[in-house]
Every structure is written in C-alpha cells, then in structure tokens.
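Residue numbers (this note's numbering): 393 to 863. Take a look at the structure below.
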Amino acid sequence: MKIKFSNDFWWGTAISGPQSEGSFEKKNDSIMDYWFKQNKEDFYNFVGPSVASDMFNQYENDIKIMASLKLNSYRTSIQWTRLVKNIMTGEIDEKAVEFYRDYFTKLKEKGIVTIVNLFHFDMPIELENIGGWTNKKTVKLYAQYAENCFKLFGDIISHWATFNEPVVPIEGCYLYKWYYPKIVDFKKGIQAGYNTILAHAKAVNIFHKIFENDKSKKICSILNLTPAYPKDNKPENIEAAEIRDLIFNKSFLDTMIKGEFPSKLVKLFASEDLLPEYDSEELAEIKKSYIDFLGVNYYQPSRIQSRLTKWNDKKEIMPEKWFENYEWPEKRINPHRGWEIHPKTLYKIAIDIRDNYNNIPWIVSENGMGVENEDKFLNKENQIQDDYRIDFIKEHLYWLNKAIDEGSNCFGYHLWTFIDCWSWGNAYKNRYGIVSLDLLNNKRKIKKSGYWLKEVIENSNEIEIDEDLVK
Ligand code: BG6
393 MKIKFSNDFW
403 WGTAISGPQS
413 EGSFEKKNDS
423 IMDYWFKQNK
433 EDFYNFVGPS
443 VASDMFNQYE
453 NDIKIMASLK
463 LNSYRTSIQW
473 TRLVKNIMTG
483 EIDEKAVEFY
493 RDYFTKLKEK
503 GIVTIVNLFH
513 FDMPIELENI
523 GGWTNKKTVK
533 LYAQYAENCF
543 KLFGDIISHW
553 ATFNEPVVPI
563 EGCYLYKWYY
573 PKIVDFKKGI
583 QAGYNTILAH
593 AKAVNIFHKI
603 FENDKSKKIC
613 SILNLTPAYP
623 KDNKPENIEA
633 AEIRDLIFNK
643 SFLDTMIKGE
653 FPSKLVKLFA
663 SEDLLPEYDS
673 EELAEIKKSY
683 IDFLGVNYYQ
693 PSRIQSRLTK
703 WNDKKEIMPE
713 KWFENYEWPE
723 KRINPHRGWE
733 IHPKTLYKIA
743 IDIRDNYNNI
753 PWIVSENGMG
763 VENEDKFLNK
773 ENQIQDDYRI
783 DFIKEHLYWL
793 NKAIDEGSNC
803 FGYHLWTFID
813 CWSWGNAYKN
823 RYGIVSLDLL
833 NNKRKIKKSG
843 YWLKEVIENS
853 NEIEIDEDLV
863 K
C-alpha cells in the first residue's frame, strides 16, 4: 500500500543544545553539567555532556549532511547557560550570540527551517540553587532570557518553542528522582509546573507583542503526550486513567491551548492542599497567551488501572495516590529503553487535537527509537542497517497519515534525532540518530534510515508500506 504526504510537509530531525553542542566555551553550568561533576556514576559509562555530539565544532558540516538528505526542517535549543554570561543579571555572552547566529544562518542558507527551543531540561545550576522553577525569580529571568533570544535571533528564526516537554523536569526533579536535584515533593512539583506555565505564558505574550505585525513568526510549546488507556471499561479504571491524563497531559495541554487549568484537576489538587501559589494577574497572563502551533513528542502511551491497594496516607503524596500503572499483556516494547511501541496512539492524539483542541496546526516534534549496540548492524561499508528504525517510522507515519486524511492539521514529522546524542543519565547507551557518531573520533556516518528518509522526500513524499506492518 502507498501513503502520501503533502508536498509542503516538513521532514526533519530534532535535537537539543545540551545533548548535541557540548559545553565548549560555556560560562555557566546547567543542572546536568553540575550533576555530572558531582555524580559521574549516575551516567552510563561515566560519559558526561561536555563533548556531546561535538556540534559546537561541527555544525557546518552537520548542516551539509542534513541538506544532502533533503531535510527541510530541524529543531534545536539555545542553551540558557551558554547565551547568558551572568545568569542573575541576564548579561549576554557576545561570543555565544555569534555562535548561534552563524549556526542558524547556515541552516537558513540551506533552506532548512529551524524551530528554536528555549528550554530543554537544562536549568542553570545557579537558579536550581534558589529553587529552580519553584521560585518566581526563575520565571522573571526566563522571560528576560526569552525576550533577548527573540530580539537577537528573530531576524533569522521564524519558528520558536518555549519549552520541550515541561512535565519531564517535574517528573524527573520533583517526583521520580531521575534528574538532579532528585527531590520527592509533589507540592513543590506542582508549584514548579505552575511557574513553568507562567514562564511560558510570559514568553508567548512578549513574543506576540514583539512580532505583532509579522504573521510569519510563530511560537509553540512542545509537549510529550502519553495518552492513558484504562485497563478495561470498569468505571474505576476509566476514572484512574482520566486522572493520569489530567495530571500529566491536560495540565499543560489545556493551559497552553485554552488558557485554562482543567477544573477537575484544580479540584483534585485543592482537595489535597496541593494548589500552588498564584494570583489573578498571573492567571490573566496565562489566559491571554496563545500558541500558534503545537509540538507533540510521541513515544509511548500509558496503561492505567485504579489502585489495587489503598494509598498509605502516612507516605509522601504522589500522583499514584489516584492510579496504578497496568502491564498490558499484549504490550510490544523497545527493550533497550523499556518503552512501549504503539504507533496507533499517534492517530488517537491527532484526532484528539482535531476534535478537542481547535484543530490547531501541529507537528510531530519528536518520535524515534533508541537502540543499544547498533554497531552489530554494521554492513561491509561500515553503514548501520537500521531496518528496525525504518519500520518503526513507517508504522507511525501510516497512522499519522490516516489522521491527516481525516482532517487533523499536522504539518510535519521530526525524528529524534539527527545524530546519536548524549542523553540524561543514559549518555550514549541508546542510539537514536539517523546519523551515527563514533565516540572515539566524533566522525559521522549516515545510517540506512537517513538514506531511506531522503528517498521518501525525493519520491514526492510517497511511502510504500507493507500491509503486515500496520494491520
Ligand atoms: C525526549 C526528550 O523525551 O526523549 C529528549 O526530549 C530525549 O531529550 C529523548 O533524549 C529520548 O529519551 P532518552 O531518555 O532515551 O534520551
């Protein structure tokens, strides 16, 4: 069977500054730099973010590779800890401006539209030391940083993102101890989440003011959506899944698109005295903000049931007071990452955006597959034969295409990621790139999936899909 995407469809890859550039010439540490200095053993093979994929030094060549693959779009992020010399005053580092201006200009010269994101988990350590997102001073400094970025690069960059996956630092830093400072405090997490939304709103409102006469400038937020499937139709399981969705998906989705917190979520948090500190001026700022498009990172859904045992109220409260994860017996997983592979959920997301979120224009801003020891798939020409990745992409594109045919307003698909990149904690364990990176000499080599994508684009966005793959 053949599927086809429109001729102006965006094809590209996404990456982040901290995971690709390395910390060369950076004047400040983010929590990730700091965490590595403190606890190297927390990182796979003791590899930290200092060199990453060496894009700080090799971006020019990397952009040529992107162009050779016919990719028309890309996303990366500015590192706050690079752009700003002095975090507390916001003083700009002119060398960093030169670097980003050249990087973004080279992309533009090759006809590659870049979505520039402002925050990808990389909180400056100085701000984390005063409470990170729990402190409104961080919100103020972020708004100033965002405004500087719009003014410094707005002549080159048309598409912007305020945050990548804002819920993840809440989960990682305040609930599940994935990332430094590994605090377990749901109430603090909610305050951090609320302040993140406020920071987003402030940035969006500043953006729309600066570019009020230029409709080509657009801003989004990038959310990782993990729709919750209840175990079955029992009301208690449906309710548990609904609560999981409210806390992890709708908290950001509804606020950023509709300008309002879901009332059921507010009631739930109020019943446990978990509401954050807020005032009416802030709520008005949030209400006023609107995004021009949405970025959706999709990796996996969640599978949910109601609690099997009563929550022990003597314990620290957690979201799991209201639900439990459920192991779906038919679940297909990527064993390297432990994440479920369920391409059809992308269709569910697309239809939900069409029906419940004003059919806002949106892009799959991340989707991808991390695989360990990919070297075992090298052929004689030293090229990684990642057919599993090609199948993974095809399956997702099939469901996306179906949703677009049915009216969902998706205009592009970005893979995570361009080149194998450093990951929080997992470092270089799982490789996601369509270009491989040799950690010994930082050499790049396009994988089979990279050439496959090029072929799709050259073939007028038409893709042949094996029916067995999508039944
Ligand atoms: C996304 C993030 O959630 O998933 C990326 O935006 C991350 O930063 C990617 O690298 C893959 O996850 P991981 O943990 O395997 O690197």
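Glycine included, every Cβ here is placed at the ideal spot set by N, Cα and C.
The beta carbon of K477 sits closer than 6 Å to the beta carbons of K419, E483 and D485 from its chain, once the five residues preceding and following it are set aside; these are given in chain order. Inter-residue distance for D665 and I733 is about 37 Å (C-alpha atoms, whole angstroms).
Around the beta carbon of D446, a 10 Å sphere encloses 16 or more other beta carbons of the protein chains shown; the residue is thus reported as buried.
With respect to H592, F555 sits close: the two C-beta atoms are nearer than 8 Å.
Under DSSP, E764 shares a beta bridge with N822.
Between the alpha carbons of N793 and I517 lies a gap of roughly 42 Å. Counting along the chain, the unbroken alpha helix (DSSP H) around F545 starts and ends at K528 to F545. Bounds of the alpha helix (DSSP H) holding Y495 are E486 to E501. Look at R729: its beta carbon is less than 7 Å from one of the heavy atoms in the ligand BG6. Burial check for A632: the Cβ neighbour count within 10 Å reaches 16 or more, so the residue is buried.
Just measuring C-alpha positions, the residue of I635, S408 and F496 sitting nearest W472 is S408.
For T405, the uninterrupted beta strand (DSSP E) segment begins and ends at W402 to A406. The beta-carbon distance between R836 and I457, rounded to whole angstroms, is 6 Å. This is short enough to meet the 8 Å contact definition. Secondary structure remark: continuous alpha helix (DSSP H) runs of at least 4 residues inside the segment 739-814, in chain order: 779-797. Under the criterion of beta carbons closer than 8 Å, C612 and G687 qualify as touching, at roughly 5 Å. Taking the CA atoms as reference points, I678 sits about 34 Å from L789. For I562, the enclosing alpha helix (DSSP H) begins and ends at V559 to Y566. Q430 counts as exposed, since fewer than 16 other beta carbons sit within 10 angstroms of its beta carbon. For A662, the uninterrupted alpha helix (DSSP H) segment begins and ends at S655 to S663. Counted as a single uninterrupted DSSP element, the alpha helix (DSSP H) harbouring G409 occupies residues G409 to S412. With contacts defined as CB atoms closer than 8 Å, I504 and I455 qualify as a contacting pair. Using a Cβ-Cβ distance cut-off of 8 Å, the segment 434-441 and the segment 522-531 are not in contact, since fewer than three pairs of beta carbons, one from each stretch, lie closer than that value. Per DSSP, the unbroken beta strand (DSSP E) holding N616 starts and ends at K610 to N616.
Leaving aside the five residues that flank D812 on each side, the residues in its chain whose CB is nearer than 6 Å to its CB run, in chain order, R823, G825, S828 and L829. Judged by beta-carbon spacing, N464 lies beyond the 8 Å limit of W552, meaning their Cβ atoms are not closer than that value. Between D779 and the set I598, Y749 and E766, the nearest pair of CA atoms involves E766.
With 16 or more other CB atoms across the displayed protein chains lying within 10 angstroms of its CB, A406 is buried. Remark: C-beta atoms of D514 and S655 do not approach each other more closely than 8 Å. Under DSSP, the beta-bridge partners assigned to E483 are N478.
Closest in C-alpha terms to D577, from the list W814, V658 and I562, comes I562. Assigned with DSSP and collapsed to three states, P516 falls in strand. Taking the Cβ of N822 as the reference point, at least one heavy atom of the ligand BG6 falls within a distance shorter than 7 Å. Around the C-beta of S852, fewer than 16 other C-beta atoms lie within 10 Å, and the residue is accordingly described as exposed. For Q450, there is no enclosing beta strand (DSSP E); the residue is found in the alpha helix (DSSP H) stretching over M447 to S460. Counting along the chain, H600 sits inside the alpha helix (DSSP H) bounded by residues F578 to I602.
Relative to the ligand BG6, the nearest heavy atom lies less than 7 Å away from the CB of G762.
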